[in-house]
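Visitor: To start, I am sharing the structure in question, which I have written as structure tokens.
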Amino acid sequence: MSIEYVLAQPEPGPLAPPQLDASQQAVVDHPGGPLLVLAGPGTGKTTTLIEAVVDRIDNRGLSPEQVLVLTFSRKAADELRSRIAARLGRTTATAPAMTFHSFCYALVREFQGPESYANPLRLLSAPEQDAMIQELVNGTTASAWPKGLQPALRTRGFTGELQAIMVRARSLGMDAVDVSDVAMTAKREDWLAAARFFQEYSEVSALTNSIDYSDLVYQALAITQDPEHQDVLRKRFSLVVVDEYQDTDPLQVQLLQAIAGDGHDLIAVGDPDQSIYAFRGADVGGILDFPSDFATPAGPAPIRALGSTRRFGSNILAASRAIIGKIGVSGHLDHKVFEDFRNITSVADFGGEVIVQTFATPAAEVEHLALLLREAHIRQGMPWGDMAVLVRSGRASLPRLQRAFTAAGVPVEVAGDEVPLAAEPAVRALLGALRVAESISQGRPVGLDQAEAVLTGPLCQLDAPDLRRLGRALRMAVKAVEGMPRPSAELLAESLSDPVSLRLGGHPDDATVKAAARANTLATLLRKAAQQINDRVAPEQVLWTLWSGTDWSKRLRAEFESGGESAGRAHQDLDALCALFSRAARAEEQQQRQSIANFVAELEAQQIPADTLADRGARGSAVRLMTAHRSKGLEWPLVVVAGVQDGEWPDIRYRGTLLQSDRLTPTGQGHPSSAASLLAEERRLFYVACTRASRRLVVTAVESSSESGEQPSRFLIEIEPFADDPSAEIDGKRVARPLTRPKRPLSLRGAIAELRMVIESSESPLVRAKAADQLARLADTGTYATRGAHPDRWWGVLDLTDSDTPIADPAQPLKLSASAVSSIIDCPLSWFLDREAKGNMGTSAAQGFGSIVHAIAADAVKVAIADPAELERHLDVVWNQLHFAAPWISARERDAAHEAIVRFANWHTNNARTPLEAEYEFNVELEIGGEKVVLRGSMDRVELDQDGLVHVVDLKTSKTAPAQKDLPEYAQLGFYQLVVDNGGVDAIAPGASSGGAELVQLRTQAGTKLPEFPKVQPQDRPVPGAPFFAVDQLHHAVQTIRDENFPATPGPKICDYCDFRRVCPAQPEGGTILGGGDA
């Protein structure tokens, strides 16, 4: 006998009805017609609304399909739908709860013609609308706009201006013609031009079958105002319920009047004190004028107020009243009902706690907040998810708080749509690689900045020293082939599209070889992506090729799983990348085959935030970090309202804009927002933030000791009398405000640091032993967070180590250049950090200046050019390859280069010696102190005098010349003379001896009477048979390298221009980790 298993879902029974208070029950029992319900925070408005719906369905014969529930967020709509279904005890065929825009979209789709089903209406997201406006603006001619606007046309801000005025017009029920009429009445040329753009935007939207959110409501209103359609909708929806009515704009009010006006059954629930979205078009006047907007023949629509809050106790309630009580009632609300609404009572069985605290500095504020959150979690057992930190401005405050909290070990969850998708670092890196691949596919040169960004990004991970090594090797390889070096940035860019260019000549060190290998791997991946682009592969697939072609995904996963400080950043990167791939897939669905260039351009043009996965709900247990605007509708046991500063909250600066969209009205030009209305909006926002707390409210600000420093806001001062403890308690002692930085961070990192300090500073052996034992216990846990407890990770504790590999292979002769010997003589430490550690700051504009002047001076010998004008033309060809911080610096240096060229030409023309070669390369082996040494490099000029002696000329382009007393033992000139006397120039002057060497200072005049000639600083030739200083210097350099002893040797001119002062033990700022500022 076979057994058949059937999975049968049990029919859910209805949930038991909640216990309602008298004010809530009065709403449920409302007999019909319009009703406004004023509901403060925590008064149970959602429960009341749900019970009113359930009562109509269970007790008054309505079917669920006859009820329409409207709200302003998808999350709220989902919650309402679920709770209504749970109370009814059954699922419904038609969901009775949706957002305003979902309802409008369904309405427009329903009443469109049948032909539209083949090509569904596409609802533009806010970023897509932003990009569309920008594209249309870029396609207009400047003459179509008033002269005063023309300079702003291509700016991001102007796109926002146009978007704002179109949204404003739609929210007022106006179209382009209406705006044009008002513009002519008000004599506003800017509005008239905006109206023409509005018309073009509407036509393009119609042609592309796309629609934005404001136009969606406008079109839905047009449908509902048609008598035939209106009759259908009023018969369909016997009850309309609106949540968060204070967030409506005038257009949405008109929509409600069309489907539920004239005495229809309508329940609107809202709180005028929580109307905080004026910047989105919401108008608090909508809820204040509800009684007259929905009046019946019997009179104004009735109003009821919910009278009890369950969210917080009497203390937080009193503080919130102090905030909002300064805003009076206006509009058509009944004053008695309004007073009942404002004077709610708390039925909570706890009082709640209000704390007001100020701090001496912003750093002290965030560190104390991190301490407060950790104490609540560790000592009071409060889950991280029961806490939130709210701020006025997200862009200004959230990144700083996130960094500080993460460093203190506080897990935080930040809304994922604070920045545009293309501005996310991970997305920016992948899009940068996509742009490079697109350039390669089209045969265009890769931009220098693009190349550097992709080479140093997560796909390749080269750092600045890697780039310098690779650039140096590429320059040498090109110079060997072409005879002239080229800028390293240009060569690095070419290497991404030309695999041959990454073949390094000579014998590069291991670090350079590794850097070249990584660059080659990236170049191969980019060429593969470029081929896909040429094959017209979809952007999503090309992105996947770039993403999956490196170990970046593995690194992000490892960072995320490590649980360390990088886990949060990795999570955000992965969220952003998932959103990018989702966007690419959506673009493919909506626009069939879109080119890579258009896809990237459209994404980068979207300058306002869009949804990412991170914003679809909190992940796990973490402190929520968000703006006060975003917190509306949410609550937590512990809420911190941070950064309540004077001038920032309230921010009552007039938000005047270029087009002044806020002054647009259906009848003409209105007045700008008054300071009083702006203050009321800010006060409501602060009220919303404070009323998110159910158990504990903490309000903080910076209180600087300086009169001109940051000071607390009036809002903080207003609620201070209601605070439980205006001062603070630390370790049982009351501390006066403002607080400075905490001495003891309550985190593993802080505990480890304090235990290590005890080991170092305590005089008690027993205490030190106890501290060491605690550190050992922490280290034995083996977790990421306790790594710092192990002595192996402490700076200065381990013994100094000797490298297993010598700096220079003892089996090979040392290879030294003139500049290397000079650097070792001046300061061995500087030479090591520069030449061996490759820690130099990279090529500067000054070095580029010198390279160009040297190359032009060499042309005077190689191609026999002596005419200054001709040399100047050579200079003009290459000058723009130098990168200066500002145009005026380039102009100044160009003038200096002209002077240097003139001085060189005059010196060259009047020089009695015969030039043999310019930029002459040499390679000489000799024995110094019993060791073979190879001297190599190049000489700027090699000349022969009338006695057959060789003179080496070293051209200098620095702004300062060495002192005359230093010339007899000037290292570089002595080095060159040693090379000459050991056969280094036999290829061009066989058997010749040195006749001396000299510096020619091209940026220093010979004297006041000879400003167009350079200063010449000669060094005498070696005396035959006598010791030569250069031999001793070379011996010292060889010994320094072999001994691997590189002391810091301070000197006034050497240290002034050194790149390594901050790590030099001879400098005050270069102290050691353990020694502070001591050398």
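Going by the numbering used here, the sequence shown wraps up at 1196, each residue one higher than the last. Beta carbons are placed, not taken as given, at the ideal position from N, Cα and C, and that holds for glycine.
So, helix, strand or coil for S355, using DSSP?
Guide: Taking the first residue of the sequence shown as position 1, residue 355 is located at position 238. Correct three-state label for S355: coil.
Visitor: Rounded to whole angstroms, what's the CA-CA distance from Q1063 to T1121? Just pull it up for me.
Guide: The sequence position of residue 1063 within the sequence shown is 946, counting from 1. The sequence position of residue 1121 within the sequence shown is 1004, counting from 1. Approximately 28 Å, taken between the alpha carbons.
Visitor: Let me know the secondary structure DSSP gives I472 once reduced to three states.
Guide: As a position in the sequence shown, residue 472 is number 355, starting the count at 1. DSSP places I472 in strand when its eight states are reduced to three.
Visitor: What is the DSSP secondary structure of G867, counted as helix, strand or coil?
Guide: The residue labelled residue 867 in the question sits at position 750 within the sequence shown. In this structure, G867 counts as helix in the three-state DSSP scheme.
Visitor: Which residues in the same chain have their Cβ closer than 6 Å to the Cβ of I420, if we skip the five residues on either side of it in sequence?
Guide: Here the question's residue 420 lines up with position 303 in the sequence shown. Excluding sequence neighbours, I420 sits near L153, D451 and V454.
Visitor: Going by the CB atoms, is the gap between L892 and R873 shorter than 9 Å?
Guide: By 1-based counting over the sequence shown, the position of residue 873 is 756. By 1-based counting over the sequence shown, the position of residue 892 is 775. Yes. Within cutoff.
Visitor: On the three-pair Cβ rule with 8 Å, is the region 1067-1074 touching the region 1107-1119?
Guide: yes
Visitor: Straight-line CA distance for A888 to L895?
Guide: For the purposes of this step, residue 888 is taken as residue 771 along the sequence shown, with counting starting at 1. For the purposes of this step, residue 895 is taken as residue 778 along the sequence shown, with counting starting at 1. For A888 and L895, the distance between alpha carbons rounds to 11 Å.
Visitor: Would L356 and R200 be called neighbours here (beta carbons separated by less than 9 Å)?
Guide: Taking the sequence shown and counting its residues from 1, one reaches residue 356 at position 239. Taking the sequence shown and counting its residues from 1, one reaches residue 200 at position 83. Not in contact: L356 and R200 (Cβ atoms no closer than 9 Å).
Visitor: By how many angstroms is the C-alpha of E470 removed from the C-alpha of A840?
Guide: For the purposes of this step, residue 840 is taken as the residue at position 723 of the sequence shown. For the purposes of this step, residue 470 is taken as the residue at position 353 of the sequence shown. Rounded to the nearest angstrom, the two C-alpha atoms are 7 Å apart.
Visitor: Given Q136, which residues of its chain have a CB within under 6 Å of its CB, disregarding the five upstream and five downstream residues?
Guide: The residue you call residue 136 lines up with position 19 of the sequence shown. Counting only Cβ-Cβ distances below 6 Å, and skipping sequence neighbours, we find nothing.
Visitor: Give the DSSP bridge partners of T462, in chain order.
Guide: For the purposes of this step, residue 462 is taken as the residue at position 345 of the sequence shown. Beta-bridge pairing links T462 to S425.
Visitor: Look at the alpha carbon of F407 and the alpha carbon of D366, and state the distance between them as a whole number of angstroms.
Guide: Taking the first residue of the sequence shown as position 1, residue 407 is located at position 290. Taking the first residue of the sequence shown as position 1, residue 366 is located at position 249. Computed Cα separation, rounded: 12 Å.
Visitor: Using 8 Å as the cut-off, can you tell me whether the region 476-495 makes contact with the region 516-525, which would need three or more C-beta pairs spanning the two stretches below that distance?
Guide: yes
Visitor: Thinking just about the alpha-carbon of each residue, which of I942, A1183, A435 and F1163 is nearest to the one in S463?
Guide: For the purposes of this step, residue 463 is identified with residue 346 of the sequence shown, where counting begins at 1. The shortest C-alpha separation from S463 is found at A435.
Visitor: Would you call the region 1084-1096 in contact with the region 928-940, where contact means no fewer than 3 C-beta pairs closer than 8 Å?
Guide: With a cut-off of 8 Å, the region 928-940 and the region 1084-1096 count as touching, because enough Cβ pairs lie within range.
Visitor: Are R644 and A513 closer than 9 Å when you measure CB to CB?
Guide: As a first step, residue 644 must be located in the sequence shown, where it is residue number 527. As a first step, residue 513 must be located in the sequence shown, where it is residue number 396. Contact flag unset, no.
Visitor: Specify, as a first and last residue, the run of the alpha helix (DSSP H) that V805 falls within.
Guide: As a position in the sequence shown, residue 805 is number 688, starting the count at 1. Segment A792 to C807, the alpha helix (DSSP H) holding V805.
Visitor: Decide yes or no for the touch test of the region 1041-1057 against the region 1136-1156: beta carbon pairs closer than 8 Å, at least 3 of them.
Guide: The region 1041-1057, when compared against the region 1136-1156, does touch it at the 8 Å Cβ threshold.
Visitor: Per DSSP, what kind of secondary structure is A161 in: helix, strand or coil?
Guide: Taking the sequence shown and counting its residues from 1, one reaches residue 161 at position 44. The sequence shown places Gly at residue 161, not Ala. In the structure shown, G161 sits in coil (DSSP, three-state: anything other than H, G, I, E or B).
Visitor: What do you reckon, are the CB atoms on G1168 and R1179 nearer than 9 Å?
Guide: The residue given as residue 1168 occupies position 1051 in the sequence shown. The residue given as residue 1179 occupies position 1062 in the sequence shown. No; because the gap between Cβ atoms is not below 9 Å, this pair is not in contact.
Visitor: Give me, in chain order, the residues of the same chain whose beta-carbon lies closer than 8 Å to that of F220; leave out the 5 immediate sequence neighbours on both sides.
Guide: Taking the sequence shown and counting its residues from 1, one reaches residue 220 at position 103. Within the same chain, F220 has close Cβ partners L185, L187 and A337.
Visitor: On the DSSP bridge assignment, give the partners of A1008 in chain order.
Guide: As a first step, residue 1008 must be located in the sequence shown, where it is residue number 891. Looking at the DSSP assignment, A1008 forms no beta bridge with any residue, so it has no partner.
Visitor: Are D388 and K162 closer than 9 Å when you measure CB to CB?
Guide: Numbered from its first residue, the sequence shown carries residue 388 at position 271. Numbered from its first residue, the sequence shown carries residue 162 at position 45. Contact flag set, yes.
Visitor: Which residue or residues does DSSP assign as beta-bridge partners of Q84?
Guide: The chain is shown from 118 up to 1196; residue 84 falls before or after that span and cannot be answered.
Visitor: Would you please state the rounded distance, in angstroms, between the beta carbons of V473 and V805? I believe it to be under 8 Å.
Guide: For the purposes of this step, residue 473 is identified with residue 356 of the sequence shown, where counting begins at 1. For the purposes of this step, residue 805 is identified with residue 688 of the sequence shown, where counting begins at 1. Not quite, the Cβ-Cβ distance comes to about 18 Å (not below 8 Å), so this is no contact.
Visitor: What whole-angstrom Cβ distance do I769 and A792 have, given they're in contact under 8 Å?
Guide: The residue labelled residue 769 in the question sits at position 652 within the sequence shown. The residue labelled residue 792 in the question sits at position 675 within the sequence shown. About 5 Å separates the two Cβ atoms, so the contact holds.
Visitor: What does the alpha-carbon distance come out to for the pair V527 and R491?
Guide: Reading the sequence shown from its first residue, position 410 is the one you call residue 527. Reading the sequence shown from its first residue, position 374 is the one you call residue 491. Taking the straight line from one Cα to the other gives about 7 Å.
Visitor: In this structure, does DSSP put P135 in helix, strand or coil?
Guide: Reading the sequence shown from its first residue, position 18 is the one you call residue 135. Residue state, collapsed to three classes: coil.
Visitor: May I ask you to verify whether the region 543-550 touches the region 686-695, counting CB pairs closer than 8 Å and requiring at least 3?
Guide: yes
Visitor: Could you tell me the boundaries of the alpha helix (DSSP H) in which F1163 lies?
Guide: Your numbering for residue 1163 matches position 1046 in the sequence shown. DSSP places F1163 in no alpha helix (DSSP H); its state is neither H nor E.
Visitor: Would you mind listing the alpha helix (DSSP H) stretches within the region 476-533 that are 4+ residues and don't spill past its ends, in chain order?
Guide: 479-495 and 511-524
Visitor: Among residues of its own chain, excluding the 5 on either side of T160, which ones have a beta-carbon nearer than 7 Å to its beta-carbon?
Guide: By one-based count along the sequence shown, residue 160 stands at place 43. Closer than 7 Å at the Cβ level, and outside the excluded window around T160, lie L423, S425, T426 and I461.
Visitor: On a Cα-Cα basis, can you pick out the residue from R397, R635, I404 and S392 that is closest to A385?
Guide: Position 268 of the sequence shown, counted from the first residue, corresponds to residue 385. When each option's Cα is compared against that of A385, the closest is I404.
Visitor: Give me, in chain order, the residues of the same chain whose beta-carbon lies closer than 8 Å to that of D580; leave out the 5 immediate sequence neighbours on both sides.
Guide: Residue mapping note: residue 580 aligns to position 463 of the sequence shown, counting from 1. Closer than 8 Å at Cβ, skipping near neighbours: T573.
Visitor: To the nearest angstrom, report how far apart M504 and E837 are at their CA atoms.
Guide: Within the sequence shown, the letter at position 387 stands for residue 504. Within the sequence shown, the letter at position 720 stands for residue 837. Between M504 and E837, the C-alpha separation is close to 21 Å.
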